[in-house]
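Residue numbers (the numbering used here), protein chains in the order written: chain A, 8 to 371; chain B, 28 to 221.
Set out below in structure tokens:
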């Protein structure tokens, strides 16, 4: 059995520990009921013998204590019930006789439990990422390094193994960076220093940097539109790179980077998001895997989306997502035609995903 | 010994291939998903198929299940980072002959593979300790997983809330859990809940 949750040490010593709330209420009600009786009885004088008087007052005292006890129980019923539910770990909905304060307390506890659950899920996803996304390639790198140092591999094969290790190391570094960024951006705002920026030039730069990956996957990438806005160029580039990274992974054939009066968009003809953006663009989302009819956490999803969302928010912007029919876009010539091939046409029978950083003000 | 390896991670596949070659195995085919793995087994009829549990399309466990029916001479061995008892249970039920960690060093992996192929009928999968529930506890557990309160469980089963409370206390004890959330999570991990 797990140890019970630790309870903070009381601020007063056990000897001076205050009475329970019910005992305090009982005492107050008792005093309020008994003292006037006592004063009235004593001041009015009585023909009764002293023994009878003491006996009578004792009886009044007992009655007052009983009334106090039952009345305090009734007054604190809702609170006691809530305390019991919290102890049992099952906070239910509000009861008909719950006063407003208890309803508020109940809501606060339910919210707290929900947040704790979310934190727990994020921790699981974080650990799962360490176990599944980082451990597997590290084990593989160990095997490959051993092969490189002990097996008489032909030069071409040796180069291929080296290239694979380098590529994977870069991917792992990127993942670790994303994990660190997500952890930081979860707690603090992204710092930005906006300056007038040519958004088209920003997208052209990003497109140039990913050309090797575009070609390796046999995709086409185009940059369209023009616009200027006051943004932190290097930070916004990271948001676009995160969105583009997803597009490069999932696009079937085409990716478009677009500037228009709304802001910057990354469009791809991949299958789209598996869940609403607001659910996915969270730090350390558990990525479920179905094995033998059970869901298991096998890593984290949406880190890049979360980082892009936070960067957008730091610019007073917002990140949106929608699916739209894929139609031949108004393709404008990229900065370097040789590096950025322009497709002759886009298939129009499928939908595409559009992620947009909606900026507050874009000048044409 | 002829081996087919299947893992959706290309670098791991490559590393595993070289590790096995170094140990004297003949890696006849590689696959990046369950369907390709099954196809490679049909085509190459290897002595064993070393399968990742989590693969796109079809899990390694499902491939083992198919191998048992379609290619019973191919020994299905799972290689994974998952240690959840429910997965081990499912692997055993699917006819997997081995369940090894991806962390296993190449020498040990080679030794285990040779043993498994030489004596495929020996159960080498990790033993999973699953508590025995009473029929009533088995009825309470799924309702607990649905988030029902004690009163609701009692109403469903036609018993008093106090009886439900007793069942829950025993369930917590058997599942080594402190509360209902933990109990449901443990029950899932050891395969008591679908």
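We put the beta carbon where it would ideally sit given N, CA and C, even for glycine. A quick note: this is a predicted structure, and the numbers were derived from the prediction, not measured.
TODO: Reducing DSSP to helix, strand and coil, say where residue 199(B) ends up.
DONE: Residue 199(B) carries a helical assignment under DSSP once its states are collapsed to helix, strand and coil.
TODO: Could you tell me if the beta carbon of residue 226(A) falls within a distance shorter than 6 Å of some heavy atom in the ligand ZN?
DONE: The ligand ZN is not part of this structure, which contains no ligands at all.
Task: Nearest to residue 247(A) (by Cα), restricted to the options 33(A), 154(A), 274(A) - done: The shortest C-alpha to C-alpha distance from residue 247(A) to any of 33(A), 154(A), 274(A) is the one to 274(A).
Task: residue 8(A), DSSP secondary structure in three states - done: Unreliable positioning characterises residue 8(A) in this predicted model, as indicated by a pLDDT of 42, which lies under 50. A coordinate reading is not provided.
Task: Extent of the continuous beta strand (DSSP E) to which residue 227(A) belongs - done: It spans 227-231 - the beta strand (DSSP E) in which residue 227(A) sits, taken as one unbroken run.
TODO: Look at the Cβ atom of residue 164(B), then the Cβ atom of residue 219(B), and state whether they are nearer than 7 Å.
DONE: Annotated as distal: residue 164(B) and residue 219(B), with beta-carbon spacing of 7 Å or more.
Open item on the list: Any contact between the region 178-185 of chain B and the region 198-215 of chain B? By contact I mean 3 or more CB pairs, one from each, below 8 Å.
Closed with: With a cut-off of 8 Å, the region 198-215 of chain B and the region 178-185 of chain B do not count as touching, because too few Cβ pairs lie within range.
TODO: Check residue 349(A) in the structure and name its three-state DSSP category.
DONE: Reliability fails at residue 349(A), whose pLDDT of 38 lies under 50, so the model's placement of it is uncertain and the value that follows must be treated cautiously. DSSP, reduced to helix, strand and coil, places residue 349(A) outside both helices and strands of the structure shown, so it counts as coil.
- [ ] Return the Cβ separation of residue 69(A) and residue 98(A) in integer angstroms, given the expectation that the two are a contact with Cβ distance under 8 Å.
- [x] The Cβ separation is near 37 Å, so there is no contact.
Task: Residues of its chain near residue 36(B), where Cβ-Cβ distance is below 8 Å and the 5 sequence neighbours each way are ignored - done: Only 79 meet the Cβ criterion.
TODO: Express the C-alpha separation of residue 29(B) and residue 52(B) in angstroms, rounding to a whole number.
DONE: Those two C-alpha atoms are separated by around 6 Å.
Open item on the list: Alpha carbons only, please: which of 194(B), 154(B), 94(B) is nearest the one belonging to residue 162(B)?
Closed with: If we check each option's Cα against that of residue 162(B), 194(B) comes out closest.
Task: Option nearest residue 129(A) by Cα separation, candidates 288(A), 38(A), 316(A) - done: In terms of Cα proximity to residue 129(A), the closest of 288(A), 38(A), 316(A) is 288(A).
TODO: List the residues that DSSP assigns as beta-bridge partners of residue 238(A).
DONE: Per DSSP, 202(A).
Task: Bridge partners - residue 262(A), DSSP secondary structure assignment - done: Residue 262(A) pairs with 228(A), 275(A).
Open item on the list: Under 7 Å, Cβ to Cβ, is there at least one residue of chain B near residue 298(A)?
Closed with: Residue 298(A) counts as touching chain B.
Task: Cross-chain neighbours of residue 130(B) in chain A, by beta carbon under 7 Å - done: Ordered by position in chain A, the residues that pass the 7 Å Cβ test against residue 130(B) are 146.
Open item on the list: Helix, strand or coil, according to DSSP, for residue 104(B) in the structure here?
Closed with: Three-state result, residue 104(B): strand.
Open item on the list: Could you compute how far the alpha carbon of residue 61(B) sits from the alpha carbon of residue 179(A)?
Closed with: A straight-line Cα-Cα distance of about 25 Å links residue 61(B) and residue 179(A).
Task: Beta-carbon spacing of residue 106(B), residue 65(B) below 7 Å - done: Not closer than 7 Å, so no.
TODO: Using beta-carbon positions only, say whether residue 205(A) and residue 235(A) come within less than 7 Å of one another.
DONE: Annotated as proximal: residue 205(A) and residue 235(A), with beta-carbon spacing under 7 Å.
Task: Buried versus exposed call for residue 150(A) [16 or more other C-beta atoms within 10 Å across all chains shown] - done: Within 10 angstroms of the beta-carbon of residue 150(A) lie 16 or more other beta-carbons, which makes it buried.
Task: Option in 28(A), 25(A), 112(A), 140(A) with minimal Cα separation from residue 291(A) - done: Of the candidates 28(A), 25(A), 112(A), 140(A), the one whose C-alpha sits nearest the C-alpha of residue 291(A) is 140(A).
Open item on the list: What does the alpha-carbon distance come out to for the pair residue 332(A) and residue 359(A)?
Closed with: Here the C-alpha atom of residue 332(A) lies approximately 6 Å from the C-alpha atom of residue 359(A).
Open item on the list: I'd like the list of long-range same chain contacts for residue 79(A), defined as Cβ closer than 7 Å, with 5 residues on each side in sequence excluded.
Closed with: For residue 79(A), where only same-chain residues beyond five positions count, the Cβ hits under 7 Å are 29, 32, 33, 36.
- [ ] To the nearest angstrom, report how far apart residue 326(A) and residue 75(B) are at their CA atoms.
- [x] If you take the alpha carbons of residue 326(A) and residue 75(B), they lie about 49 Å apart.
Open item on the list: Does residue 343(A) come out as helix, strand or coil in the three-state DSSP assignment?
Closed with: A caution first: residue 343(A) carries a pLDDT of 42, below 50, which makes its placement in the model too unreliable to give a value.
Open item on the list: Would you say residue 354(A) lies against chain B (beta-carbon separation less than 7 Å)?
Closed with: Because residue 354(A) sits at a pLDDT of 45, beneath the cut-off of 50, its placement in the model cannot be relied upon, and the following sentence gives the value as read from the coordinates. So no, residue 354(A) is outside the interface.
Open item on the list: Could you compute how far the alpha carbon of residue 367(A) sits from the alpha carbon of residue 227(A)?
Closed with: Their Cα atoms are separated by approximately 30 Å.
Open item on the list: In the DSSP output, which residue or residues are listed as bridge partners for residue 332(A)?
Closed with: Residue 332(A) is bridged to 358(A).
- [ ] Could you please give the first and the last residue of the uninterrupted beta strand (DSSP E) stretch that includes residue 29(B)?
- [x] Note, residue 29(B): beta strand (DSSP E), 29-33.
- [ ] Give me the Cβ distance between residue 160(B) and residue 201(B), rounded to the nearest whole Å; I'm assuming they're in contact under 8 Å.
- [x] Indeed they touch by this definition, with Cβ atoms about 7 Å apart.
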